[in-house]
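Enquirer: Structure below; questions to follow.
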Amino acid sequence: MKIREQAVKTLLRVSREGAYSNLETKKVLGENHYKEEDRGLYLNIVYGTLQNKLYLDYLLKKHISKDLNKLDPEVLEILRIAVYQIYFLDKIPSYAAVNESVEITGRIKPKARGFVNGVLRNILRSKETDEAFDFSSFSNEKEALSVRYSIPVWIIHKYYETFGAEKAEKIIPLLNEKPPFTIRANTLKVDRNTLEEKLSDKGIYCEKGALDCDALHLSHLGGFENQVQCDPLFTAGCFMIQDQGAMKAARLLGPEKTDRVLDMCAAPGGKTTHLSQIMENEGTIIARDIFDSRLKLIEETAARLGICNIETEKTDGCIFRPEDREAFDRILLDAPCSGLGIIRRKPEIRYTITKKARKELVRIQRQLLDHAVQYLKPGGTLVYCTCTVNSDENERQIERVQKDYPFMRIEAVSEGENSIHTSPLDDGCDCFFMAKLKKDC
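For the sequence shown, our numbering gives the first residue as 269, with consecutive numbering after it.
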């Protein structure tokens with residue numbers, strides 16, 4: 269199957285069947301032996317179309333009088349990928365994108381071939397003369413940003429609420445850009461400088477991360493990014509792929525070598541293994557998750573990194589375990605959340621997360637926090653973190669813990685700040701929230 273047709277199939281799986289884009293693209297690339305440039309084009313079209321869906325629909329509506337939702341789903345996705353290529357992929361001639369899209373329509377929906385051809389030819393002509401986006405046609409800045417960057421207005425409001433207008437308006441355009449390829453040197457096996465030298469020998473450009481002493485940003489990757497799991501440095505456990513924002517959670521918890529640490533929602537294991545690295549493979553880390561398959565992933569990662577102080581346990585964190593009362597020196601609760609801070613990586617979240625789902629997540633987070641408080645020893649430390657910008661899942665949860673448990677004191681994370689909010693403005697980070705609580709003795 270040709271690349272563009274495969275992209276249409278993937279987008280339909282995501283939009284119509286609820287598939288996850290990251291898992292679906294991984295599956296497709298694993299089953300098809302595409303050339304490197306074709307792999308890149310496939311990923312670019314899939315993620316670019318998802319990230320810009322509202323904007324692409326805005327452009328299509330200028331040339332289609334009927335409701336887009338009443339179009340055949342396959343025809344709509346064909347139109348979207350064509351418009352994405354026309355407006356965003358300079359290296360692909362617009363006529364080639366149009367011709368290929370018309371051909372795909374002829375194979376999949378022959379009766380719609382003339383319609384697709386007419387719409388796309390009109391778009392090509394108008395692109396030469398019309399302004400692609402008119403901010404003045406919107407009633408306010410948030411609505412304009414919502415369409416231009418394909419982020420629903422209610423999420424735009426969350427970013428304004430979290431970061432303030434000035435900062436939010438700088439962050440929002442970055443949410444459709446590709447995040448940096450960041451790794452964490454596994455100091456149990458190699459230091460950052462040595463790892464940088466080894467990667468540089470492969471022709472990979474390395475830049476030291478500004479927020480973590482073990483972080484490296486990699487670029488000029490060639491085929492390395494798509495084949496990283498086969499690379500000898502990866503298989504030898506020299507590094508872990510991890511965003512710098514995620515690295516801050518383990519640093520904030522600051523475990524000691526002798527501690528007994530609980531990672532309540534540990535999979536896939538990035539933060540868990542970072543805790544082990546900080547503890548120099550000493551002490552004990554209990555890593556829990558509800559699924560065996562995800563625990564196996566933690567175990568495999570720990571083995572690759574040469575870690576031996578992690579014990580995995582299949583546990584539903586929402587069920588209280590009396591035997592764990594005051595059993596841990598430090599607890600990391602990386603809670604399940606709405607994921608509004610990682611829409612660069614999972615673009616469909618912005619369209620699929622519902623109000624009902626967010627309310628259920630708040631309930632689950634509350635249960636997990638209640639249990640974490642009880643599992644913590646007097647004098648112990650709890651770090652709560654999410655990858656969202658929803659205050660109900662972040663600040664409100666911490667405020668509620670302080671109200672219900674007066675012996676839980678929030679600790680300043682920096683001068684005058686009781687929590688951390690990372691963003692792409694912070695050396696390319698995802699958007700994380702973190703707060704640190706201490707239990708009175």
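Note that CB positions come from ideal geometry on N, CA and C, so glycine has one too.
Being a predicted model, the structure only gives us computed values, none of them experimental.
#1: Tell me the DSSP secondary structure of Ser-659 in three-state form.
#2: Are the CB atoms of Leu-705 and Arg-677 nearer to each other than 9 Å?
#3: Which residue or residues does DSSP assign as beta-bridge partners of His-689?
#4: Please report the residue range of the beta strand (DSSP E) in which Leu-484 lies.
#5: Are there three or more Cβ pairs, one per stretch, closer than 8 Å when the stretch 513 to 521 is compared with the stretch 649 to 666?
#6: As an exercise, report each continuous alpha helix (DSSP H) stretch of at least 4 residues that is fully enclosed by the stretch 556 to 589, in chain order.
#7: Around the Cβ of Phe-675, are there at least 16 other Cβ atoms within 10 angstroms (buried) or fewer (exposed)?
#8: Going by alpha carbons, who is nearest to Tyr-417 out of Thr-373, Arg-375, Leu-322, Arg-452?
#9: Please classify Glu-330 as buried or exposed, where buried requires at least 16 neighbouring CB atoms within 10 angstroms.
#10: Report the three-state DSSP secondary structure of Met-508 (helix, strand or coil).
#11: Check whether the Cβ atoms of Ala-535 and Ile-566 lie closer than 9 Å to each other.
#12: Leaving aside the five residues before and after Thr-278 along the sequence, list all residues of the same chain whose C-beta is less than 7 Å from its C-beta, in chain order.
#13: Could you spell out where the beta strand (DSSP E) holding Asp-638 opens and where it closes?
#14: Using only the alpha-carbon positions, how far apart do Leu-754 and Leu-280 sit?
#15: Rounded C-beta distance between Asp-511 and Pro-447? I'm assuming under 8 Å.
#16: So, are the CB atoms of Val-276 and Ile-349 less than 9 Å apart?
#17: How about Val-387 and Leu-324: are their beta carbons less than 9 Å apart?
#18: Measuring only the C-alpha atoms, how far is Tyr-355 from Ile-472?
#19: So Phe-507 and Ala-453 are in contact, right, with Cβ under 8 Å, and what is the actual spacing, rounded?
#20: For the alpha helix (DSSP H) holding Val-458, just list the boundary residues, first then last.
#21: Under three-state DSSP, which class holds Ser-407?
#22: Going by DSSP in three states, Lys-379 sits in which element: helix, strand or coil?
#23: Residues in its own chain within less than 6 Å of Glu-579 by CB, not counting five upstream and five downstream?
#24: Is any heavy atom of the ligand NAD found at a distance shorter than 8 Å from the C-beta of Gln-635?
#25: Quick one: what's got a C-beta closer than 8 Å to Lys-410's C-beta in the same chain, skipping five residues either side?
#26: If you scan the stretch 416 to 478 from start to end, which runs of the beta strand (DSSP E) of 3 or more residues do you find wholly inside it?
#27: Does the separation of the CB atoms of Asn-385 and Val-366 fall below 9 Å?
#28: Under 6 Å Cβ to Cβ from Leu-479, same chain only, skipping five residues before and after it: list those, please.
#29: Under three-state DSSP, which class holds Cys-533?
Expert: By the coordinates alone:
#1: coil
#2: yes
#3: Phe-701
#4: 483 to 487
#5: yes
#6: 560 to 573
#7: exposed
#8: Leu-322
#9: In the sequence as displayed, the identity of residue 330 is Lys instead of Glu. That one is exposed.
#10: strand
#11: yes
#12: Glu-292, Thr-293, Val-296, Val-314
#13: Where Asp-638 is concerned, there is no enclosing beta strand (DSSP E), although the alpha helix (DSSP H) it sits in stretches over 623 to 643.
#14: As shown, the chain starts at 269 and ends at 709. That puts residue 754 outside it, with no answer to give.
#15: 7 Å
#16: yes
#17: no
#18: 30 Å
#19: 6 Å
#20: No alpha helix (DSSP H) holds Val-458; DSSP gives it neither H nor E.
#21: coil
#22: helix
#23: Ile-554
#24: Only the bare structure without any ligand can be found here, which leaves the ligand NAD out of the picture.
#25: Val-421, Ile-424, His-425, Tyr-428
#26: 449 to 453, 473 to 476
#27: yes
#28: Gln-512, Asp-695
#29: coil
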